[in-house]
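Numbering of the sequence shown is given in our numbering, commencing with residue 15 and proceeding in unit increments. Note that CB positions come from ideal geometry on N, CA and C, so glycine has one too.
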Amino acid sequence: MQAHQIPVFKSWVSEWMARSVIFAILMACLFAFAFYSSPVAVMGYYGVQPTDVQYAMIVIYGSCVAFLALDFRMVKYIAPRKYLLTALAINAVCSLICFHSKNWTFFVVCQFIQGITCALMSGIVLQLTFPRLESTRARVIGYSLLYGGIQISVPFYSIYSSAVLHFYDFNWIFYGFIIMLIFLVFVVLLTMNSKARFTKKIPLYQVDWLGYLFYVSFILTLGYILIYGRQLGWFDSPLIILLSFSILIILILFVIRESKLKRPLINLQIFKVKNFVIGLLLLFTFYIFKGSTGLTYGYLEVILGNDPLSTIPIWSAVIVGTVLSMFVTSRFILTGFNLIRIIIVGFAIMALYYAYMILFVSIQGETIDFILPMFIYGVATGVLFVPIVSFTSSAAPPKIALNASLTGIFARFTGFTASLALNNEIQLFSKAAVREKLRETLTEINPQLPVTLLDIQDKYINAGSDIYTAKGVSGAYFNKLVGQQILARATRDYYDLMLFGLIFIIAILVFSPQIQKVVLRLRKGIIPY
Numbered sequence: 015m016q017a018h019q020i021p022v023f024k025s026w027v028s029e030w031m032a033r034s035v036i037f038a039i040l041m042a043c044l045f046a047f048a049f050y051s052s053p054v055a056v057m058g059y060y061g062v063q064p065t066d067v068q069y070a071m072i073v074i075y076g077s078c079v080a081f082l083a084l085d086f087r088m089v090k091y092i093a094p095r096k097y098l099l100t101a102l103a104i105n106a107v108c109s110l111i112c113f114h115s116k117n118w119t120f121f122v123v124c125q126f127i128q129g130i131t132c133a134l135m136s137g138i139v140l141q142l143t144f145p146r147l148e149s150t151r152a153r154v155i156g157y158s159l160l161y162g163g164i165q166i167s168v169p170f171y172s173i174y175s176s177a178v179l180h181f182y183d184f185n186w187i188f189y190g191f192i193i194m195l196i197f198l199v200f201v202v203l204l205t206m207n208s209k210a211r212f213t214k215k216i217p218l219y220q221v222d223w224l225g226y227l228f229y230v231s232f233i234l235t236l237g238y239i240l241i242y243g244r245q246l247g248w249f250d251s252p253l254i255i256l257l258s259f260s261i262l263i264i265l266i267l268f269v270i271r272e273s274k275l276k277r278p279l280i281n282l283q284i285f286k287v288k289n290f291v292i293g294l295l296l297l298f299t300f301y302i303f304k305g306s307t308g309l310t311y312g313y314l315e316v317i318l319g320n321d322p323l324s325t326i327p328i329w330s331a332v333i334v335g336t337v338l339s340m341f342v343t344s345r346f347i348l349t350g351f352n353l354i355r356i357i358i359v360g361f362a363i364m365a366l367y368y369a370y371m372i373l374f375v376s377i378q379g380e381t382i383d384f385i386l387p388m389f390i391y392g393v394a395t396g397v398l399f400v401p402i403v404s405f406t407s408s409a410a411p412p413k414i415a416l417n418a419s420l421t422g423i424f425a426r427f428t429g430f431t432a433s434l435a436l437n438n439e440i441q442l443f444s445k446a447a448v449r450e451k452l453r454e455t456l457t458e459i460n461p462q463l464p465v466t467l468l469d470i471q472d473k474y475i476n477a478g479s480d481i482y483t484a485k486g487v488s489g490a491y492f493n494k495l496v497g498q499q500i501l502a503r504a505t506r507d508y509y510d511l512m513l514f515g516l517i518f519i520i521a522i523l524v525f526s527p528q529i530q531k532v533v534l535r536l537r538k539g540i541i542p543y
């Protein structure tokens, strides 16, 4: 029997066991993103700035996005089990290095490598999942399970990392990852055939390695500009100007190369499909609105003073909301409900989340107050993701459908990166504006200022402090209160902008009848990334 006709899983492995193994591989490949569930812990452990942590996220995400363009050729050459075991071994080595090292450069390099292994493992998951789904019903359910797993992976691993950080240092997160990888290696060895292949072995000829270098350089440089641009002063910085020219040259060379090759890394003809471009824009905007949750967790940690364990109910609410909404949404899709209308409903639910947060964000509050809005956020995520991906995939011609998937994940990456840049920019601008207003009122001639300071001193004296200690501490405590007020006000301003943006997007979708006529076509040959 030819290798590509041998089942990937051994004969004694049941269908449900095979699905469980596939899901375990998916969750393992997404584990690396759990390192960023508590940016404060990362900054404290490595001694770096918030922008450094953000760029490390961009490195692993961008590395994964770029290598996925090569992955579909690699899986046709290397046997799946060998390919998967290689990815698991490299992941374990990188995690072991990070466990024993506090060097930030090593961490970022390992993140780049782990981004590649994430692409390897997720490529295996996609190849194992979608070709075995025969009917449209099965493919819709497959979409929901796959993307549901992707969406809940961040809150799921955040619960894990919250528990670890409560008792251990940051590097012990890697220790748990190593144990998971070792367990998964044994599962793969036990359940998968060593000689099985997805297709006939296709040699690695005419692989666009140079195009990959252009692509990954473009992604990482774009991420650097967007993340560090504000910190460096944008175009007042010679480095940003140099990188901007470099990225423009890389883009031009990449487009010229891909247009001439017979087997390009990405077929740029896909951008001529109108509804596909609209789908990319929807993915981009969805990830901009989705990316603001880091601000919410920062608010809970910095202003409300939540410890890692107390945020577990928040993460759990997101998981429950996402799972329930994806289940309901898949039912609507199967009944033929209009995709754009589902997307409009999803954006409306996301708007409800922002409206709730605008009302409740202040310097006082309880964790329980934010369980409902984060549940709403999870519902919005579950309602939006599968319909947007389905809309985008349906618009792509069958011959270049793979390129639709590759550009789709790039749109998700750029939306996520843009959300970080937008967050940094608006937060800085808003904080400066609020700080200026406070400076105008909090002056020494303001009669309320000494009264407030005396009240703070009295509280410390009543708590047992002597008068000298109370006077020294009251000023620091007052400055802390002012800083919290600035952060809370800036957070509400950011949510205001996001709410207006959502209303604008909803209005465009409602008053664009031509895109509401798209028919769902989930073909068997389409493997969405």
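Using 8 Å as the threshold, is the C-beta distance between residue i and residue j below it?
i: Gly335; j: Ser433; result: no
i: Ala93; j: Ser208; result: yes
i: Tyr59; j: Asp183; result: yes
i: Tyr97; j: Met88; result: yes
i: Ser176; j: Ile326; result: yes
i: Leu297; j: Ala435; result: no
i: Thr343; j: Gly396; result: yes
i: Ile414; j: Gln283; result: yes
i: Ile354; j: Ala83; result: no
i: Gly237; j: Tyr69; result: yes
i: Phe228; j: Leu267; result: yes
i: Met71; j: Ser167; result: no
i: Pro169; j: Trp30; result: no
i: Val393; j: Ile347; result: no
i: Val400; j: Tyr161; result: yes
i: Leu265; j: Phe232; result: yes
i: Phe49; j: Ile187; result: yes
i: Phe285; j: Met512; result: no
i: Gly243; j: Ile254; result: yes
What's the C-alpha gap between residue i and residue j?
i: Glu272; j: Val375; result: 48 Å
i: Glu380; j: Ser52; result: 19 Å
i: Ile36; j: Ile520; result: 36 Å
i: Leu548; j: Tyr313; result: Past the edges of the chain, shown from 15 to 543, lies residue 548, and the structure says nothing about it.
i: Asn352; j: Gly422; result: 21 Å
i: Ile263; j: Ile111; result: 35 Å
i: Met15; j: Leu323; result: Bear in mind that a pLDDT of 44 at Met15, under 50, signals an unreliable position, so the number given afterwards is only what the model happens to contain. Answer to the nearest angstrom: the Cα atoms are 54 Å apart.
i: Arg506; j: Thr205; result: 51 Å
i: Glu439; j: Ile372; result: 19 Å
i: His18; j: Ser25; result: With a pLDDT of only 49 at His18, under the threshold of 50, the placement of this residue in the model should not be trusted; the figure read from the coordinates follows. Answer to the nearest angstrom: the Cα atoms are 15 Å apart.
i: Arg503; j: Thr428; result: 27 Å
i: Ala106; j: Cys43; result: 12 Å
i: Thr65; j: Arg277; result: 37 Å
i: Lys90; j: Phe181; result: 44 Å
i: Thr119; j: Leu234; result: 15 Å
i: Gln245; j: Asn437; result: 13 Å
i: Gln125; j: Leu275; result: 31 Å
i: Ala80; j: Leu338; result: 32 Å
i: Glu315; j: Val22; result: 45 Å
i: Leu257; j: Val230; result: 14 Å
i: Phe86; j: Phe384; result: 42 Å
i: Gln441; j: Arg345; result: 39 Å
i: Thr307; j: Arg95; result: 37 Å
i: Thr431; j: Val202; result: 34 Å
i: Ala210; j: Leu142; result: 12 Å
i: Val178; j: Asn185; result: 9 Å
With residue i and residue j assumed to form a contact (beta carbons below 8 Å), what rounded beta-carbon distance in angstroms separates them?
i: Ile138; j: Ile39; result: 6 Å
i: Leu523; j: Ile357; result: 7 Å
i: Val287; j: Ala425; result: The pair is not a contact, with the Cβ atoms about 14 Å apart (cut-off 8 Å).
i: Phe300; j: Ile402; result: 6 Å
i: Leu309; j: Val199; result: That belief does not hold up - the Cβ atoms of Leu309 and Val199 are roughly 38 Å apart, past 8 Å.
i: Ile390; j: Leu366; result: 6 Å
i: Thr406; j: Gly247; result: Rounded, the Cβ-Cβ distance is 36 Å, inconsistent with contact.
i: Leu134; j: Ala101; result: 4 Å
i: Tyr171; j: Phe47; result: 7 Å
i: Phe361; j: Leu398; result: 7 Å
Legend entry - Three-pair Cβ contact test at 8 Å for the stretch 188-203 versus the stretch 66-83: In short, these stretches do not touch, since the Cβ pair count stays below three.
Legend entry - the stretch 218-225 contacting the stretch 119-132, beta-carbon criterion three pairs below 8 Å: No, the stretch 218-225 is not in contact with the stretch 119-132.
Legend entry - Length-filtered (4 minimum) alpha helix (DSSP H) runs lying within the stretch 306-375: List check, alpha helix (DSSP H) in window: 307-316, 326-348, 353-374.
Legend entry - Residue ranges of each alpha helix (DSSP H) within the stretch 375-414, 4 or longer: With a minimum length of 4 residues, the continuous alpha helix (DSSP H) runs that stay inside the stretch 375-414 are 385-409.
Legend entry - Completely contained alpha helix (DSSP H) runs for the stretch 191-273, where each covers 4 or more residues: Those alpha helix (DSSP H) runs which fall completely within the stretch 191-273 and span 4+ residues are 223-246.
Inset, instruction - At 4 residues or longer, and completely inside the stretch 23-94: list those alpha helix (DSSP H) runs for me, N to C. - result: Within the stretch 23-94, the complete alpha helix (DSSP H) segments of 4 residues or longer fall at 29-43, 53-60, 64-88, listed in chain order.
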